[in-house]
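S.K.:
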Amino acid sequence: METRTRVTEQPAPAAATRPDEHLVTTLWRGVFIHATCALCAWDGPARRAGSSADRDAARHLRG
Numbered sequence: 001m002e003t004r005t006r007v008t009e010q011p012a013p014a015a016a017t018r019p020d021e022h023l024v025t026t027l028w029r030g031v032f033i034h035a036t037c038a039l040c041a042w043d044g045p046a047r048r049a050g051s052s053a054d055r056d057a058a059r060h061l062r063g
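Numbering-wise, our numbering puts 33 at position 33 of the sequence shown, and it's gapless, one number per residue.
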């Protein structure tokens with residue numbers, strides 16, 4: 001199972017950067033799915049439904 005250390009300080013919101021500066025994907029960790037951004041280190045909350053993680057990712061891109 002993949003683990004990741006959570007940063008206590010949140011990175012700058014997506015609105016402060018251009019949309020092409022983000023690489024948002026979803027990642028399963030056990031029974032939970034998370035939306036993550038590889039370029040700005042944003043990590044969404046744990047979700048049980050993939051559609052919820054997709055909405056988190058879309059909100060991140062909008063800022």
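Just so you know, even glycine gets a beta-carbon here, dropped at the ideal spot from N, CA and C. None of these values were measured; they are calculated from a predicted model.
State the Cα-Cα distance for the pair Phe32 and Gly50, rounded to the nearest angstrom.
M.R.: 9 Å
S.K.: Hey, could you find the ends of the alpha helix (DSSP H) Ala35 is sitting in?
M.R.: From DSSP, Ala35 is part of no alpha helix (DSSP H) but of the beta strand (DSSP E) over Phe32 to Cys37.
S.K.: In three-state terms, what does DSSP make of Arg62?
M.R.: helix
S.K.: Which same chain residues end up closer than 6 Å to Ala57 when comparing Cβ atoms and leaving out the 5 residues on each side of it in sequence?
M.R.: Val24 and Ala35
S.K.: Taking C-beta to C-beta, are Gly44 and His22 nearer than 8 Å?
M.R.: For Gly44 and His22, no; Cβs fall outside 8 Å.
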